[in-house]
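**Student:** Final position of the sequence shown in full-length UniProt numbering is 98; the numbers increase by one with none missing.
In this text, a Cβ means the ideal position worked out from N, Cα and C, and glycines have one as well.
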Amino acid sequence: MATDTADGMSSHMRGLTVTTITAIAGIGAAFVSNAVASGATDTVALLVVLAAIFAQLPLLRGIGILDDDFSGKDYLYISFMTFALWFVSWGILLTAGA
1 MATDTADGMS
11 SHMRGLTVTT
21 ITAIAGIGAA
31 FVSNAVASGA
41 TDTVALLVVL
51 AAIFAQLPLL
61 RGIGILDDDF
71 SGKDYLYISF
81 MTFALWFVSW
91 GILLTAGA
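1. Which same chain residues, not among the five before or five after Leu66, have their C-beta less than 6 Å away from its C-beta?
2. Whole angstroms is fine: what's the gap from Val77's alpha carbon to Ile63's?
3. For the 8 Å Cβ check, are there 3 or more pairs between the region 15-23 and the region 41-50?
4. Count the other CB atoms within 10 Å of the CB of Ser38; is the residue buried (16 or more) or exposed (fewer)?
5. Is the Cβ-Cβ distance between Gly26 and Ala55 less than 8 Å?
6. Would you decide whether Leu57 is buried or exposed? Buried here means 16 or more other CB atoms lie within 10 Å of its CB.
7. Can you tell me which of the three DSSP states Trp86 falls into?
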């Protein structure tokens with residue numbers, strides 16, 4: 001495309017990649033939380049989702065998305081999307097097991 005830069009990806013592909021990675025990390029964290037946590041009140045599950053959030057940062061840096069243009073709003077987006085997908089997915093897993 002004419003609007004792509006020679007050394008990076010388009011803003012659409014960048015947004016799509018970040019959204020996909022955060023969704024996969026949130027759902028994966030829900031399955032891990034379901035495996036290691038004893039119930040809904042176990043705080044180990046929060047550590048799992050925090051680890052999933054922080055594990056994404058080196059991954060995004062490695063594929064070239066996390067650069068100097070990344071702002072606090074982008075970090076908040078990554079955190080919120082991962083938490084939201086984890087919360088919904090883990091809630092479904094908790095009620096399915098009951």
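**Tutor:** Put simply:
1. Leu60
2. The residue you asked about is not Val; residue 77 is Tyr in the sequence shown. Looking at the two C-alpha atoms, the distance is approximately 18 Å.
3. no
4. exposed
5. no
6. exposed
7. helix
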